[in-house]
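Residue numbers (this note's numbering): 208 to 412. From the three backbone atoms N, C-alpha and C, an ideal C-beta is built for every residue, glycine too. No experiment lies behind these values; they were computed from the predicted model shown. To keep things clear, I will list the structure first and then write my remarks on it.
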Amino acid sequence: MEDNDSLAKIAAEIKACRKCPLGKTAHRAVPGEGNPEAEIMFIGEAPGYWEDQRGIPFCGAAGNLLNELLASINLKREDIFITNILKHRPPNNRDPLPGEIKLCSPFLKRQLLVIKPKVVITLGRFAMNFFLPNLYISRAHGQPRKITWEGIPLLIIPLFHPAAALRNGEVMEKLKEDFLKIPQIIKEATNPPPKEETPIQGSLF
Ligand code: URA
Numbered sequence: 208m209e210d211n212d213s214l215a216k217i218a219a220e221i222k223a224c225r226k227c228p229l230g231k232t233a234h235r236a237v238p239g240e241g242n243p244e245a246e247i248m249f250i251g252e253a254p255g256y257w258e259d260q261r262g263i264p265f266c267g268a269a270g271n272l273l274n275e276l277l278a279s280i281n282l283k284r285e286d287i288f289i290t291n292i293l294k295h296r297p298p299n300n301r302d303p304l305p306g307e308i309k310l311c312s313p314f315l316k317r318q319l320l321v322i323k324p325k326v327v328i329t330l331g332r333f334a335m336n337f338f339l340p341n342l343y344i345s346r347a348h349g350q351p352r353k354i355t356w357e358g359i360p361l362l363i364i365p366l367f368h369p370a371a372a373l374r375n376g377e378v379m380e381k382l383k384e385d386f387l388k389i390p391q392i393i394k395e396a397t398n399p400p401p402k403e404e405t406p407i408q409g410s411l412f
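Shown next, in the form of structure tokens:
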């Protein structure tokens with residue numbers, strides 16, 4: 208990373224990017240938004256219809272749910288940074304293609320290097336499998352995992368996607384429960400519990 212990289216610079220490059228066809232088919236780029244010093248970075252899959260119209264991540268129905276979930280742990284959008292793996296909408300919300308991910312992910316890497324979040328929360332199967340390829344969201348959700356991605360140490364918490372929660376009541380319950388675990392996970396990441404001292408055996412001199 209260049210020393211003087213910034214979120215504004217990355218966003219300007221994303222808006223101008225035409226490396227893959229999505230830059231031409233989408234209405235607007237959605238680089239991401241939020242606190243440049245956020246402890247928590249949320250990463251979704253790709254912009255949907257409303258995000259593409261407005262240039263803002265998670266601003267449709269899934270975004271409204273995300274705002275409520277954030278409020279349940281006393282967080283606001285301004286406290287976090289939120290972005291997606293892809294920065295332009297795939298036509299008709301189809302799954303991102305491997306080539307698109309390869310061309311787009313250097314932007315995500317630079318955002319991670321600038322923000323240096325304590326915790327990365329992936330939303331949905333797709334974003335989780337980007338960092339943790341072999342996991343199933345039904346088993347892995349809500350469990351933090353330490354990884355090194357492209358040389359960057361990350362603490363990832365995979366969560367269900369809010370859009371999936373809107374379609375399925377059980378997923379909604381699990382997503383709500385997982386959200387309530389986030390503050391403790393961050394606390395432990397910030398202040399790991401002290402190692403238990405091993406009692407020193409032996410004579411008193
Ligand atoms: N779904 C996503 O994965 N990202 C958005 O920004 C909106 C919906």
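Environment of L411 [buried if 16+ CB atoms lie within 10 Å]: In this prediction, L411 scores a pLDDT of 47, lower than 50, which makes its location untrustworthy; the coordinate-derived value is nonetheless stated afterwards. It counts as exposed.
Coarse secondary structure for G358, derived from DSSP in three states: G358: coil per DSSP, three-state reduction.
Through-space distance from F288 to F243, alpha-carbon basis: Here residue 243 turns out to be Pro, not Phe, going by the sequence shown. When rounded, the distance between both Cα atoms is 7 Å.
T329 - partner residues in DSSP beta bridges: I250 and P365
Nearest-angstrom Cα separation, counted from I322 out to L387: 23 Å
CB-CB length for F314 against K294, believed under 8 Å: 6 Å
Coarse secondary structure for F338, derived from DSSP in three states: helix
For G331, the nearest candidate out of V378, D259 and C227 (CA to CA): V378
Inter-residue spacing [alpha-carbon to alpha-carbon] between E220 and A372: Taking the CA atoms as reference points, E220 sits about 33 Å from A372.
For T290: DSSP bridge partner residues: I250
Delimiting residues of the alpha helix (DSSP H) encompassing L282: No alpha helix (DSSP H) holds L282; DSSP gives it neither H nor E.
Closest Cα partner of T290 within the set T355, K316 and G306: K316
Selection from K394, E252 and N300 that minimises the alpha carbon distance to I308: E252
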